[in-house]
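Undergrad:
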Amino acid sequence: MKRTLEFSHQLPRRTERPGVECLARTTVRIEDPERRLAARQALPNLQLLGQATEGFRAEPFPLRLEQLLAEPSAEDAPLEVSIPAQVQSWLERRAPVTWNRLCSSAHVLQRGEAFRIARTGGVLEIDYRPEGASNSRRLRCPLLELASALSGGVVPGLSSTVKRKDLIQEAELLVREVLRSRWVTRRLPPGIAWGPEDGAFYLRHSAGVRLREVPSERQPELPGALLLDLDEHVQAFELNVDPHDELPLDVLRGALPWLLDLGGDDGELFLDPSGRAPR
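If you read the sequence shown in my numbering, its first letter stands for residue 126, the second for the next number, and so on.
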């Protein structure tokens, strides 16, 4: 017989109750293949029969977990925990006693396929968490790494070389808006123009910074690099915008505007393969 504590995609909430870190919406599934049994466990505070069909219910943690671990059948049915990535992250940060107890006493597995994009102290992390997995897999995406740098006011290679702040600011604005137009809006904003004579994008109020796309060898319809030309420099600055094959384009399109709009702050975003919030 297998017991599974399943967490809802809804984030837990803090509470001031003594001995309770949070209230989390959960349910317990019981499966016994030998008897062809599949059921949900009755809740301790069940008052009406109709409540058994409501699915997830808010329960106090870590108290509810301790109840499950203390059940007489616990030795025969080790507890498995199915928990969404965003709920895992919330518990790690805001309910450490509950999270540590889960990790030490149960088998914690990912509920639902999810991608985690996090920016902490200027460092970008991209994790892939498959359904039913116990570990995540780290991914790389040069395009999102560039967006993260731009969010912090840095143009890779340029900010450490060019001394004029006005040129750096113009380059940052141009690259940011070209990325947004290509991957998100599919149209150029009013302040950006494209010159057919040299095949470059530039700011309408200043032509001192220009941006040209170099097609990708693997995907000719996508740019493999952006070349940033400044009037004061002979050699162009190359920016890597390879989206990589491991990251679904819908996830990339969901994460890119979020990173560009972070404004240098730290943050964490969870998306399913369709680019939406897991649910």
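Beta carbons are placed, not taken as given, at the ideal position from N, Cα and C, and that holds for glycine.
Since the structure is predicted, the reported quantities are computational estimates derived from the model, not experimental observations.
Buried or exposed for residue 273, going by 16 or more other Cβ atoms inside 10 Å?
TA: Label assigned to residue 273: buried.
Undergrad: Under 9 Å between the Cβ atoms of residue 215 and residue 136?
TA: Going by C-beta atoms, residue 215 is nearer than 9 Å to residue 136.
Undergrad: Can residue 130 and residue 153 be called in contact, C-beta distance under 9 Å?
TA: Yes, the Cβ-Cβ distance between residue 130 and residue 153 is below 9 Å.
Undergrad: Hey, residue 128 and residue 190: beta-carbon distance below 9 Å or not?
TA: Contact: no.
Undergrad: Can you say whether residue 276 is buried or exposed, counting buried as having 16 or more other CB atoms within 10 angstroms of its CB?
TA: Looking at its Cβ environment, which holds 16 or more other Cβ atoms inside 10 Å, residue 276 is buried.
Undergrad: Run through the stretch 183 to 234 for me and flag every whole beta strand (DSSP E) of 3 or more residues, listed as ranges in chain order.
TA: Whole beta strand (DSSP E) segments, 3+ residues: 204 to 208.
Undergrad: With a 10 Å radius around its C-beta and 16 neighbouring C-beta atoms as the bar for buried, classify residue 239 as buried or exposed.
TA: Residue 239 should be labelled buried.
Undergrad: Helix, strand or coil: how does DSSP classify residue 85 here?
TA: The chain is shown from 126 up to 404; residue 85 falls before or after that span and cannot be answered.
Undergrad: Determine the DSSP secondary structure at residue 150, reduced to helix, strand or coil.
TA: Correct three-state label for residue 150: strand.
Undergrad: Suppose you measure from the CA of residue 385 to the CA of residue 197; what does that come to, to the nearest Å?
TA: Answer to the nearest angstrom: the Cα atoms are 52 Å apart.
Undergrad: Do the stretch 292 to 305 and the stretch 330 to 337 make contact, defined as three or more Cβ pairs closer than 8 Å?
TA: With a cut-off of 8 Å, the stretch 330 to 337 and the stretch 292 to 305 count as touching, because enough Cβ pairs lie within range.
Undergrad: Residue range of the beta strand (DSSP E) that residue 340 falls in?
TA: Element bounds for residue 340: 331 to 340.
Undergrad: Between which two residues does the alpha helix (DSSP H) harbouring residue 241 extend?
TA: Per DSSP, residue 241 belongs to no alpha helix (DSSP H); it is in the beta strand (DSSP E), 239 to 245.
Undergrad: For the stretch 349 to 366 and the stretch 298 to 309, state whether three or more C-beta atom pairs, one from each stretch, are separated by less than 8 Å.
TA: Counting Cβ pairs under 8 Å, three or more are found: they touch.
Undergrad: Opposite residue 131 in the DSSP bridges: which residues?
TA: Residue 131 is bridged to 152, 207.
Undergrad: Measuring only the C-alpha atoms, how far is residue 300 from residue 312?
TA: The straight-line gap from Cα to Cα measures roughly 14 Å.
Undergrad: Alpha carbon to alpha carbon, how far is residue 226 from residue 187?
TA: Spanning the two alpha carbons is a distance of roughly 8 Å.
Undergrad: Quick one: give me the first and last residue of the beta strand (DSSP E) that residue 262 is part of.
TA: Element bounds for residue 262: 262 to 264.
Undergrad: Indicate whether the contact test is met: 3 or more Cβ pairs, each with one atom in the stretch 232 to 247 and one in the stretch 340 to 349, closer than 8 Å.
TA: No, the stretch 232 to 247 is not in contact with the stretch 340 to 349.
Undergrad: From residue 382 to residue 202, what distance separates their C-alpha atoms?
TA: Those two C-alpha atoms are separated by around 45 Å.
Undergrad: Which residues mark the beginning and the end of the alpha helix (DSSP H) in which residue 269 is found?
TA: Run containing residue 269: 267 to 276, per the alpha helix (DSSP H) assignment.
Undergrad: Quick one: what's got a C-beta closer than 7 Å to residue 141's C-beta in the same chain, skipping five residues either side?
TA: Cβ neighbours of residue 141 beyond the five flanking positions: none.
Undergrad: For residue 361, which option in 210, 337, 379 has the closest C-alpha, if you only look at C-alpha atoms?
TA: The shortest Cα separation from residue 361 among 210, 337, 379 belongs to 337.
Undergrad: Expressed to the nearest angstrom, what Euclidean distance is found between the alpha-carbon atoms of residue 211 and residue 286?
TA: Near 39 Å, if we compare the C-alpha coordinates of residue 286 and residue 211.
Undergrad: Scan the stretch 364 to 394 and note each continuous alpha helix (DSSP H) run of 4 residues or more that stays entirely inside, going in chain order.
TA: Counting only runs of 4 or more, we get 374 to 385.
Undergrad: Could you give the residue range of the alpha helix (DSSP H) that holds residue 296?
TA: That run of the alpha helix (DSSP H) goes 290 to 305.
Undergrad: To which residues does DSSP link residue 249 through a beta bridge?
TA: Answer is 244, bridged to residue 249.
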